[in-house]
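Notes follow once the structure below has been shown.
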Amino acid sequence: MPEYFIVADILGIIAFSLSGFLIAIKNDLDILGIVIASALTALGGGIIRDAILSSAPFAFTSLYPALTLIVTILIAYFFRVYKKPSIERKWIFVVSDTIGLVAFSITGAILAIHAGYNFFGIIILSFITAVGGGVTRDIMINQVPTVLISDFYGSIAVIVALALGALEMFDALNEVTILSVAVASVILRLIAFKRGWHLPTLT
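Numbering (the numbering used here), first residue to last: -8 to 194.
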């Protein structure tokens, strides 16, 4: 697997561990709940992704679970007093969640491209990898999944998938272009949060 894939996966795990932890302390979960919420957020999307690809999940065959646990413990130490009722609107959560979202969108899209999926398959696998863990976490704590209500959230995964699919079509997919898509996507998501951009609703 390319090095940039491993880097993106590790960044996604660390970033989603942080966002999962912050959601857990907001909801007054105990230490086991904090670990479960962080692990689900960080590893859930990747497990679903690998199951779709019919391959053994990286979470079960690598040190990723241990990495998640270590990061969670460190986060619990440094941020144990940071408890806000509106944590989803705080920059520390938004930035970490955005990095995780973009990183996992990239890993899902790359694996779909390597598996020979068409554009639809690239979009679906990228989307599921990016939001699967967060949706699982939100269902566990009985709240509406962030992807359904948050500013331009799931749209970022679709944009990343389309961009990487297009780059692959023109034989321009490499470390530089992937990094460019990642940076642009993070900036777009943060701008969307700052300006309150939303997709239109029916109400």
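By construction, the Cβ of each residue, glycine as well, lies at the ideal position given by its N, Cα and C atoms.
query = Any idea what DSSP makes of D162, helix, strand or coil?
reply = By one-based count along the sequence shown, residue 162 stands at place 171. If DSSP states are grouped into helix, strand and coil, D162 belongs with coil.
inquiry  = With three or more C-beta pairs closer than 8 angstroms as the rule, is the region 155 to 172 touching the region 57 to 67?
reply    = no
inquiry  = Quick check on the burial criterion: 16 or more other C-beta atoms within 10 angstroms. Buried or exposed for L23?
reply    = What you label residue 23 is simply residue 32 of the sequence shown in a count that begins at 1. The residue in question, L23, is exposed, as its Cβ has fewer than 16 Cβ neighbours within 10 Å.
ask   = Can you round the beta-carbon distance between G91 and G3 to whole angstroms, since I take them to be within the 8 angstroms contact cut?
value = Locating residue 91 in the sequence shown gives position 100, where the first residue counts as 1. Locating residue 3 in the sequence shown gives position 12, where the first residue counts as 1. Right, their Cβ atoms sit about 5 angstroms apart.
query = In three-state terms, what does DSSP make of F69?
reply = Residue mapping note: residue 69 aligns to position 78 of the sequence shown, counting from 1. Note: F69 maps to helix in three-state DSSP.
Identity of the residue in F84, A15 and I140 nearest H189 by Cα = On the sequence shown, residue 189 is found 198 positions in, with the first residue counted as 1. Nearest of F84, A15 and I140 to H189, Cα basis: I140.
request  = Identify, in the order they occur along the chain, each residue of the same chain with its Cβ nearer than 7 angstroms to the Cβ of G11, setting aside the five sequence neighbours on each side.
outcome  = For the purposes of this step, residue 11 is identified with residue 20 of the sequence shown, where counting begins at 1. Answer for G11: A28, S29, L31, T32, A33 and R128, listed in chain order.
request  = Counting only the same chain and skipping the five closest in sequence on each side, list residues whose C-beta sits under 6 angstroms from that of I178.
outcome  = Indexing the sequence shown from 1 puts residue 178 at position 187. Correct list: empty, nothing qualifies.
key: Whole-angstrom distance between A94 and V174, CA atom to CA atom   = Here the question's residue 174 lines up with position 183 in the sequence shown. Here the question's residue 94 lines up with position 103 in the sequence shown. C-alpha separation (whole angstroms): 10 angstroms.
query = For L102, which residues from the same chain have a beta carbon less than 7 angstroms from its beta carbon, with the 5 sequence-adjacent residues on both sides left out?
reply = Position 111 of the sequence shown, counted from the first residue, corresponds to residue 102. Cβ within range, chain order: R40, L44 and L116.
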